[in-house]
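Enquirer:
Shown next, in the form of structure tokens:
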């Protein structure tokens with residue numbers, strides 16, 4: 001017995017969901033515009049099938065390219081850097097890590113630092129301001145100090161987001177072992193990651209540097 005119309009629509013919707021997630025993965029991992037358009041067209045075709053009730057052949061999507069972070073070479077004899085500010089009132093690590101260094105750093109923190117909270121997930125943000133044009137070379141240690149100063153004096157905070165990521169790497173800001181401040185409802189359970197860029201703006205979102213910033217955020 002063939003599928004009912006309702007079963008058929010549910011089947012196509014499930015396939016659409018998978019295609020949509022794959023499409024988003026393609027974009028985040030720097031597929032060309034032509035490749036993104038081709039896969040987006042396939043998703044549109046399936047939407048039309050639902051709307052018109054047409055019978056269409058199953059759609060196949062080219063396998064996603066292997067993400068860069070799957071090929072990270074782990075450094076030997078990793079030594080974590082000292083925190084930029086050790087002040088108990090608002091300590092920050094304030095250092096940039098490559099992807100490989102970040103893997104080793106997280107391992108080191110889990111073994112050597114006492115966790116004062118129990119994180120269960122992450123919350124990702126974009127910085128909005130500053131955007132990519134304001135930070136043409138990404139972040140620097142002085143920016144970490146400036147943000148700490150702003151959080152203390154403008155916000156009255158004693159902690160901040162755990163990570164800032166740009167197109168060059170991953171900056172650890174708030175110590176990972178300490179609860180951060182970044183989202184009112186999720187401070188107690190989520191790591192906070194701030195991606196450099198204003199991704200409400202199409203220019204930053206589609207820019208190569210924006211793609212790289214988001215890629216580092218996804219990796220972290």
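In the UniProt record's numbering, the protein residues as written are 1 to 220.
In this text, a Cβ means the ideal position worked out from N, Cα and C, and glycines have one as well.
#1: Report the three-state DSSP secondary structure of residue 178 (helix, strand or coil).
#2: Which stretch, first to last residue, makes up the beta strand (DSSP E) that contains residue 97?
#3: Quick check on residue 188: buried or exposed, where buried means 16 or more other Cβ atoms within 10 Å of its Cβ?
#4: Starting from residue 208 and walking both ways along the beta strand (DSSP E), at which residues does that stretch end?
#5: Below 9 Å between beta carbons: does that hold for residue 93 and residue 174?
#6: Around the C-beta of residue 134, are 16 or more other C-beta atoms found within 10 angstroms, so that it is buried, or is it exposed?
#7: Within the present structure, is the beta-carbon of residue 169 separated from the nearest heavy atom of the ligand FMN by less than 8 Å?
#8: Rounded to the nearest angstrom, what separates residue 140 and residue 186 at their Cα positions?
#9: Would you give the residue range spanned by the alpha helix (DSSP H) that residue 141 belongs to?
#10: My output table needs one value for residue 69: the three-state DSSP class, helix, strand or coil.
#11: When the Cα atoms are used, what is the spatial distance from residue 137 to residue 4?
#12: Considering only C-alpha positions, which residue in the set 106, 127 and 183 is nearest to residue 214?
#13: I'd like to know if the segment 164-182 and the segment 93-105 are in contact, where contact means that at least 3 CB-CB pairs between them fall below 8 Å.
#14: Note down the Cα distance separating residue 204 from residue 77, rounded to an integer number of angstroms.
Expert: So, from the listed chains and residues:
#1: It is coil, neither helix nor strand.
#2: Residue 97 -> beta strand (DSSP E) spans 95-97.
#3: Classification of residue 188: exposed, given that the 10 Å Cβ count is below 16.
#4: Residue range 208-219 is occupied by the alpha helix (DSSP H) that includes residue 208, with no beta strand (DSSP E) assigned at that position.
#5: In this structure, residue 93 sits near residue 174, with a CB-CB distance shorter than 9 Å.
#6: By the neighbour-count criterion, in which a residue is buried when 16 or more other Cβ atoms sit within 10 angstroms of its Cβ, residue 134 is exposed.
#7: The ligand FMN is not part of the structure shown, which contains no ligands of any sort.
#8: Annotation: residue 140 to residue 186 spans about 27 Å, alpha carbon to alpha carbon.
#9: First-last of the alpha helix (DSSP H) with residue 141: 141-150.
#10: With a pLDDT of 41 at residue 69, under the threshold of 50, the predicted position of this residue should be treated as unreliable, though the coordinate-derived value follows. Three-state result, residue 69: helix.
#11: Going from the Cα of residue 137 to the Cα of residue 4 covers about 57 Å.
#12: The candidate whose alpha carbon is nearest that of residue 214 is 127.
#13: At 8 Å Cβ cutoff, the stretches touch.
#14: So the alpha carbons of these two residues sit roughly 37 Å apart.
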